[in-house]
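Novice:
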Amino acid sequence: MPGMLRADHVGSLLRPAALLEARAAFSRGALSADVLRQQEDAAILEALRRQGDVGLETFTDGEFRRGSWITDMAEAVEGFAPQSRTMQWKGPSGGEEASTSSIVAGRLRARRRLTGHEAAFAVRHARGAVKVTLPAPSNFYVASWKPGVTDAVYGSRREMGDAAAQIVRNEISALFDEGVAYVQLDAPFYSSFIDESERARLRSTGVDPEAGILDAVAVDSAAVAELARRGRTLALHVCRGNSRSRWLAEGAYDSIAEPLFTTLDVDRLLLEYDSPRSGSFAPLRFVPRDRIAVLGLVTTKEPQLESPDDLRRRIDSATAYLPLEQLAVSPQCGFASVAAGNLLSEADQWRKLALVVEVARAVWGQ
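Residue numbers (my numbering): 38 to 403.
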């Protein structure tokens with residue numbers, strides 16, 4: 038059952054070169070949608086096989102049909118409009134980078150499913166339980182609000198967030214109906230509350246971080262609270278930014294642990310712990326007894342393989358704050374939150390996933 042998995046992974050995988058080339062050809066108009074779909078299918082079948090070969094018990098399609106982790110929500114949902122923005126990346130080749138995002142300029146209404154074209158194929162072909170990732174509605178709380186535009190449609194950020202939450206909630210229910218066993222909400226917005234520079238940015242947009250974290254949790258809660266799970270698993274991944282081995286936020290979980298961990302009704306919390314940037318394990322003391330904390334100890338940002346002994350020691354350190362039976366292990370994030378992927382090879386990726394399985398078996402006998 039996914040809720041008890043000890044060896045987990047966040048979801049995205051490095052796209053094979055042939056698939057990247059096919060998507061580029063499709064964008065140029067040199068490849069039909071049908072041929073692209075065939076290429077995606079072939080790449081996903083191979084990814085499912087490799088996940089099983091390394092011993093994973095939950096399977097994803099690698100997010101191979103997506104351009105990035107956030108799905109194509111702006112196209113699937115009416116009410117979004119594009120805008121330019123500047124990202125402030127840390128790490129390799131960090132610094133300012135021009136990017137695009139979507140603001141809310143109209144009432145949010147689903148035109149179609151967010152992942153209706155993804156899940157069925159993976160469920161049909163995977164050897165075991167399938168995980169699908171979705172953007173947490175809290176992601177839109179700041180990034181999609183533009184004064185003078187959004188406030189003409191919604192009276193508050195919270196009202197807008199609740200509208201996004203209903204769309205995500207409907208998608209979760211549809212995925213459960215399709216046989217998806219494990220749905221994970223990806224939530225990088227929470228990292229804005231743990232990084233001092235990001236907290237300053239929030240204040241500059243008129244958001245008080247102390248009140249904002251409560252609103253963000255409430256918005257995500259609206260997507261999952263009292264949802265009929267029918268034995269399925271719900272998870273939240275707190276991401277710190279993940280693009281070409283770079284990151285956006287640094288800091289310990291202390292400022293978000295109590296309001297987030299104790300309130301949001303999910304089965305698993307996937308937390309990044311691959312570097313000192315994440316702080317100590319002390320915030321794990323706020324994880325309720327009925328939830329699993331998945332320690333993201335294996336980095337997807339660097340090719341070097343971690344020491345199994347070091348990973349076991351770190352898991353042992355975490356038991357000072359949470360019992361071993363409430364812990365699991367995974368990479369800290371996906372390998373390709375954006376299609377270009379992180380700065381490591383596919384061989385590195387599979388070695389790291391095999392290491393996660395090896396350590397889980399050594400620690401939990403699974």
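Note that the Cβ used here is the ideal one computed from N, Cα and C, for glycine as well. All values derive from a computational prediction rather than experimental measurement.
Tell whether a beta-carbon distance below 8 Å holds between residue 77 and residue 56.
Specialist: Counting from 1 along the sequence shown, the entry for residue 77 is found at position 40. Counting from 1 along the sequence shown, the entry for residue 56 is found at position 19. Yes, these two residues count as a Cβ contact at 8 Å.
Novice: Would you mind working out which of 216, 366, 250 sits nearest residue 232, comparing C-alpha positions?
Specialist: In the sequence shown, residue 232 corresponds to position 195, counting from 1. The candidate whose alpha carbon is nearest that of residue 232 is 250.
Novice: Grab me the residues of residue 170's own chain with a C-beta within less than 6 Å of its C-beta, minus the 5 sequence neighbours each way, in chain order.
Specialist: As a first step, residue 170 must be located in the sequence shown, where it is residue number 133. Taken in chain order, the residues that qualify are 48, 221, 223.
Novice: In angstroms, rounded to a whole number, what distance separates the CA positions of residue 400 and residue 370?
Specialist: Along the sequence shown, read from residue 1 onward, the residue named residue 400 stands at position 363. Along the sequence shown, read from residue 1 onward, the residue named residue 370 stands at position 333. Their Cα atoms are separated by approximately 21 Å.
Novice: Consult DSSP for residue 85 and reduce its assignment to one of helix, strand or coil.
Specialist: For the purposes of this step, residue 85 is taken as residue 48 along the sequence shown, with counting starting at 1. Residue 85 falls in the helix class under three-state DSSP.
Novice: Could you give the residue range of the alpha helix (DSSP H) that holds residue 287?
Specialist: To locate residue 287, count along the sequence shown from 1; it is residue 250. Residue 287 -> no alpha helix (DSSP H), and no H or E assigned at all.
Novice: Taking the alpha-carbon positions, what's the residue 145 to residue 108 distance?
Specialist: The residue labelled residue 145 in the question sits at position 108 within the sequence shown. The residue labelled residue 108 in the question sits at position 71 within the sequence shown. Looking at the two C-alpha atoms, the distance is approximately 16 Å.
Novice: Mind checking who residue 44 pairs with in its DSSP beta bridge?
Specialist: Mapped onto the sequence shown, residue 44 falls at position 7. DSSP lists 366 as partners of residue 44.
Novice: On a Cα-Cα basis, can you pick out the residue from 397, 364, 211 that is closest to residue 322?
Specialist: On the sequence shown, residue 322 is found 285 positions in, with the first residue counted as 1. Of 397, 364, 211, the residue nearest in Cα terms is 364.
Novice: Return helix, strand or coil for residue 213, following the three-state DSSP convention.
Specialist: In the sequence shown, residue 213 corresponds to position 176, counting from 1. Here residue 213 sits in helix by DSSP.
Novice: Just mark residue 208 as buried or exposed, buried being the case when its beta carbon has 16 or more other beta carbons within 10 Å.
Specialist: Within the sequence shown, the letter at position 171 stands for residue 208. By the 10 Å Cβ count, residue 208 comes out buried.
Novice: How would you write the range of the beta strand (DSSP E) that residue 256 sits in, first residue to last?
Specialist: Here residue 256 refers to the residue found at position 219 of the sequence shown. That residue, residue 256, is in no beta strand (DSSP E); its alpha helix (DSSP H) goes 246–261.
Novice: From the DSSP secondary-structure annotation, give me the bridge partner or partners of residue 219.
Specialist: As a first step, residue 219 must be located in the sequence shown, where it is residue number 182. DSSP output for residue 219 lists 168, 270 as bridge partner(s).
Novice: Could you check whether residue 308 and residue 257 sit closer than 8 Å to each other, using their CB atoms as the reference points?
Specialist: Position 220 of the sequence shown, counting from 1, holds the residue named residue 257. Position 271 of the sequence shown, counting from 1, holds the residue named residue 308. No.
Novice: Alpha carbon to alpha carbon, what distance is there between residue 127 and residue 27?
Specialist: No statement about residue 27 is possible, as the shown extent of the chain runs from 38 to 403 and does not include it.
Novice: With three or more C-beta pairs closer than 8 Å as the rule, is the segment 339–346 touching the segment 382–394?
Specialist: Cβ pair count under 8 Å is three or more, so yes.
Novice: In the structure shown, what three-state DSSP assignment does residue 125 receive?
Specialist: As a working mapping, residue 125 is identified with position 88 in the sequence shown. The answer is strand: DSSP assigns residue 125 an E or B state.
Novice: Does DSSP put residue 333 in a helix, a strand or coil?
Specialist: Reading the sequence shown from its first residue, position 296 is the one you call residue 333. Three-state DSSP puts residue 333 in a strand.
Novice: Does the distance from the CB of residue 328 to the CB of residue 349 come in under 8 Å?
Specialist: In the sequence shown, counting from the first residue as 1, residue 328 sits at position 291. In the sequence shown, counting from the first residue as 1, residue 349 sits at position 312. Taking 8 Å as the Cβ cut-off, residue 328 and residue 349 do not qualify as a contacting pair.
Novice: Counting C-beta neighbours from all protein chains within 10 Å, is the total for residue 361 16 or more, i.e. buried, or is it exposed?
Specialist: Within the sequence shown, the letter at position 324 stands for residue 361. So residue 361 counts as exposed.
Novice: Would the segment 372–387 and the segment 61–80 be scored as touching if the rule is three or more Cβ pairs under 8 Å?
Specialist: Result no; under three Cβ-Cβ pairs closer than 8 Å.
Novice: Thinking residue 99 and residue 81 are a contact (beta carbons under 8 Å), I'd like their distance in whole angstroms, please.
Specialist: Start at 1 with the first residue of the sequence shown, and residue 99 comes out as number 62. Start at 1 with the first residue of the sequence shown, and residue 81 comes out as number 44. Going by Cβ atoms, the distance from residue 99 to residue 81 rounds to 7 Å, so yes, they are a contact pair.
Novice: Are at least three pairs of beta-carbons, each pair with one atom in the segment 187–202 and one in the segment 154–170, less than 8 Å apart?
Specialist: The segment 187–202 is not in contact with the segment 154–170.
Novice: Tell me which residue opens and which closes the beta strand (DSSP E) that residue 321 is part of.
Specialist: Taking the sequence shown and counting its residues from 1, the one referred to as residue 321 is at position 284. From DSSP, residue 321 is part of no beta strand (DSSP E); its letter is neither H nor E.
Novice: Between residue 73 and residue 102, what straight-line distance do the alpha-carbon atoms span, to the nearest angstrom?
Specialist: Within the sequence shown, residue 73 is the residue found at index 36, counting from 1. Within the sequence shown, residue 102 is the residue found at index 65, counting from 1. Approximately 9 Å between the Cα atoms of the pair.
Novice: Which value, in whole angstroms, describes the spacing of the CA atoms of residue 402 and residue 313?
Specialist: Counted from its first residue, the sequence shown places residue 402 at position 365. Counted from its first residue, the sequence shown places residue 313 at position 276. Near 28 Å, if we compare the C-alpha coordinates of residue 313 and residue 402.
Novice: Are residue 270 and residue 219 close, meaning C-beta to C-beta below 8 Å?
Specialist: Residue numbering aside, residue 270 sits at position 233 when the sequence shown is read from its first letter. Residue numbering aside, residue 219 sits at position 182 when the sequence shown is read from its first letter. Yes. Within cutoff.
Novice: Secondary structure at residue 101, three-state DSSP: helix, strand or coil?
Specialist: Reading the sequence shown from its first residue, position 64 is the one you call residue 101. Reduced to three states, the DSSP call for residue 101 is coil.
Novice: Give the C-beta separation of residue 393 and residue 111 to the nearest angstrom, bearing in mind that I take them to be a contact with Cβ-Cβ under 8 Å.
Specialist: Locating residue 393 in the sequence shown gives position 356, where the first residue counts as 1. Locating residue 111 in the sequence shown gives position 74, where the first residue counts as 1. Not really, about 33 Å apart at Cβ, beyond 8 Å.
Novice: Which residue from 168, 184, 326 puts its Cα closest to that of residue 273?
Specialist: Translated into the one-based positions of the sequence shown, residue 273 becomes position 236. Comparing Cα positions, the closest option is 168.
Novice: Anyone know if the C-beta pair for residue 84 and residue 50 falls short of 8 Å?
Specialist: By 1-based counting over the sequence shown, the position of residue 84 is 47. By 1-based counting over the sequence shown, the position of residue 50 is 13. Going by C-beta atoms, residue 84 is nearer than 8 Å to residue 50.
Novice: Kindly identify the DSSP beta-bridge partner or partners of residue 95.
Specialist: Counting from one through the sequence shown, the residue named residue 95 turns up at place 58. Answer is 166, bridged to residue 95.
Novice: With DSSP as the reference, label residue 277 as helix, strand or coil.
Specialist: Reading the sequence shown from its first residue, position 240 is the one you call residue 277. Residue 277: coil per DSSP, three-state reduction.
Novice: By how many angstroms is the C-alpha of residue 71 removed from the C-alpha of residue 379?
Specialist: In the sequence shown, counting from the first residue as 1, residue 379 sits at position 342. In the sequence shown, counting from the first residue as 1, residue 71 sits at position 34. C-alpha separation (whole angstroms): 28 Å.
Novice: Quick check on this structure: which residue in 254, 296, 237 has the alpha carbon closest to the alpha carbon of residue 177?
Specialist: Here residue 177 refers to the residue found at position 140 of the sequence shown. Comparing Cα-Cα distances from residue 177 to each of 254, 296, 237, the minimum goes to 254.
Novice: In whole angstroms, what separates the C-alpha of residue 295 from that of residue 335?
Specialist: Within the sequence shown, residue 295 is the residue found at index 258, counting from 1. Within the sequence shown, residue 335 is the residue found at index 298, counting from 1. Answer to the nearest angstrom: the Cα atoms are 25 Å apart.
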